[in-house]
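Residue numbering for the sequence shown follows our numbering, beginning at 147 and increasing consecutively. Beta carbons: idealized from backbone N, C-alpha and C, even for Gly. Data block below; observations after.
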Amino acid sequence: MSSIKDVARLAGVSVTTVSHVLNKTRAVLPATQERVLEAVQTLGYVPSAVARSLKINATHTIGMLVPDNSNPYFAELVRAVEDACFAAGYALLLCNTDNHAGRQQVYLDVLSQKRVDGLIVASTSDDALMSQHLAQTALPMVLIDRAIVGLERPCVQTDHVQGGMLATQHLMALGRKRIACVGGPQDLQSSEQRVQGWRQALQLVGLPSDLLVHGDFTANGGYVAMRRLLRDRAADRPTAIFACNDLMAMGALRAVHEAGLQVPRDVAVVGYDDIELAGYTQPALTTVAQPTQAMAEQALAWLLERIQAGRGAEPVAAATQLLVPALVTRESSRSLARAAVPIAIGENL
């Protein structure tokens, strides 16, 4: 394998001159530059990425932490971030924390050692300890999907309260009055904000908000929660379900089917996320779509601003941007609803 010394020897210049040509760190005479590049091509020399990153203090690599990459929502979010990184000339290094705080801390240390230029983090949790861990990370950082109380970092996420209200208003527009909610983990703000939206929509029209159970953002969690709800409230079972993510909604669909009920005739079901699979359930799932592409692009734009500001500089303003969700109606509520078209926040339902 050829070295930079071999290139310098063939071109008849110093190693320093070869370095300036390859890294574009100083002007070099055109004739000299041409000899260096010809030598590089002749020898098939490939500069060391590690050495180059040490010299210019940049790797053009972004690290990303997600709590569960087996969840299709996060898989689609990661793909959107990866596409945005590629378009900006960066590679993406992904770490799955598996919803484990200790594992997230290990990966934070690993990514720092790998010399990534910055981090995009969908945190495992949003408690005070996690805030402390992330605050101690020196790398430029942007939060995505989940804000963390007490952590002064830019965050871009969906307006989950509005999303919960949108789903519930849609179900009320169908004439459903016994509207249950299958919430996600209670220790996550994003989960509880969706529940908050459900509750606020019901309270605005004087409907009860007592039909609440919690799952864990998995299909099995939604299935178990829905079975429990149907068992415990058999006498006054819900006529509509808002599940706080699509996987739990899919589990709820199965539980409703096993109970001998039909969707949407007996129970209308709405999910949250609008993962690709939502269009392929039977019946196809009505859901609240999160703007993953816009979320990814905004997160990367903010991160690149922080990287360019320099690691030792004052952080770029730690703003939070809430993106607008949209309702996509499909067969799980379509029989009594209007045509299956996206409905934006603010539309009169």
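Using the Cα positions of residue i and residue j, report the straight-line distance between them to the nearest angstrom.
i           : j           : result
residue 429 : residue 218 : 19 angstroms
residue 314 : residue 169 : 56 angstroms
residue 326 : residue 409 : 14 angstroms
residue 388 : residue 422 : 18 angstroms
residue 476 : residue 414 : 11 angstroms
residue 249 : residue 156 : 49 angstroms
residue 312 : residue 472 : 8 angstroms
residue 192 : residue 264 : 25 angstroms
residue 132 : residue 286 : Any question about residue 132 goes unanswered here, given that the chain covers just 147 to 495.
residue 488 : residue 441 : Because the pLDDT at residue 488 is just 43, under 50, the model does not fix this residue reliably, and the point stays unresolved.
residue 404 : residue 480 : 21 angstroms
residue 407 : residue 330 : 24 angstroms
residue 190 : residue 148 : 7 angstroms
residue 353 : residue 323 : 7 angstroms
residue 358 : residue 378 : 11 angstroms
residue 161 : residue 223 : 44 angstroms
residue 376 : residue 369 : 11 angstroms
residue 251 : residue 355 : 38 angstroms
residue 437 : residue 261 : 30 angstroms
residue 433 : residue 257 : 35 angstroms
residue 345 : residue 270 : 25 angstroms
residue 293 : residue 386 : 29 angstroms
residue 474 : residue 213 : 26 angstroms
residue 172 : residue 178 : 12 angstroms
residue 478 : residue 281 : 43 angstroms
Could you tell me if residue i is buried or exposed, where buried requires 16 or more neighbouring beta carbons within 10 angstroms of its beta carbon?
i           : result
residue 200 : Note that residue 200 scores a pLDDT of 44, beneath 50, so its modelled location is shaky; the value from the coordinates is reported in the next line. That one is exposed.
residue 382 : exposed
residue 176 : exposed
residue 426 : exposed
residue 220 : buried
residue 184 : exposed
residue 454 : exposed
residue 371 : buried
residue 188 : exposed
residue 363 : buried
residue 349 : exposed
residue 321 : exposed
residue 163 : buried
residue 216 : exposed
residue 303 : buried
In terms of alpha-carbon separation, which member of the options lies closest to residue i?
i           : options            : result
residue 158 : 174, 443, 232, 181 : 181
residue 365 : 356, 400, 308      : 400
residue 448 : 288, 164, 336      : 288
residue 230 : 470, 445, 465      : 445
residue 291 : 279, 282, 305, 298 : 305
residue 319 : 154, 452, 351, 163 : 351
residue 242 : 391, 397, 266, 432 : 266
residue 393 : 328, 310, 321, 252 : 328
residue 205 : 235, 467, 316, 268 : 235
residue 247 : 226, 277, 259      : 277
residue 268 : 299, 284, 282      : 299
residue 301 : 279, 332, 336      : 336
residue 340 : 152, 416, 244, 228 : 416
residue 333 : 310, 208, 360      : 360
Check residue i in the structure and name its three-state DSSP category.
i           : result
residue 418 : strand
residue 159 : coil
residue 332 : coil
residue 425 : helix
residue 390 : coil
residue 175 : coil
residue 475 : coil
residue 199 : Because residue 199 sits at a pLDDT of 48, beneath the cut-off of 50, its placement in the model cannot be relied upon, and the following sentence gives the value as read from the coordinates. It is helical.
residue 188 : helix
residue 438 : helix
residue 446 : helix
residue 212 : strand
residue 223 : helix
residue 399 : helix
residue 467 : strand
residue 233 : helix
residue 154 : helix
residue 455 : helix
residue 149 : coil
residue 489 : With a pLDDT of 41 at residue 489, under the threshold of 50, the modelled position of this residue cannot be trusted; read the value that follows with caution. Residue 489 falls in the strand class under three-state DSSP.
_Those runs of the beta strand (DSSP E) which lie wholly inside the region 264-322 and span at least 3 residues_ = 264-267, 287-290, 301-304
_Quick check for students: name the residue ranges of the beta strand (DSSP E) that lie wholly in the region 333-379, counting only runs of 3 or more._
358-360
*Where in the region 237-263 do unbroken runs of the alpha helix (DSSP H), each at least 4 residues long, occur, reported from the N-terminal end onward?*
List check, alpha helix (DSSP H) in window: 247-259.
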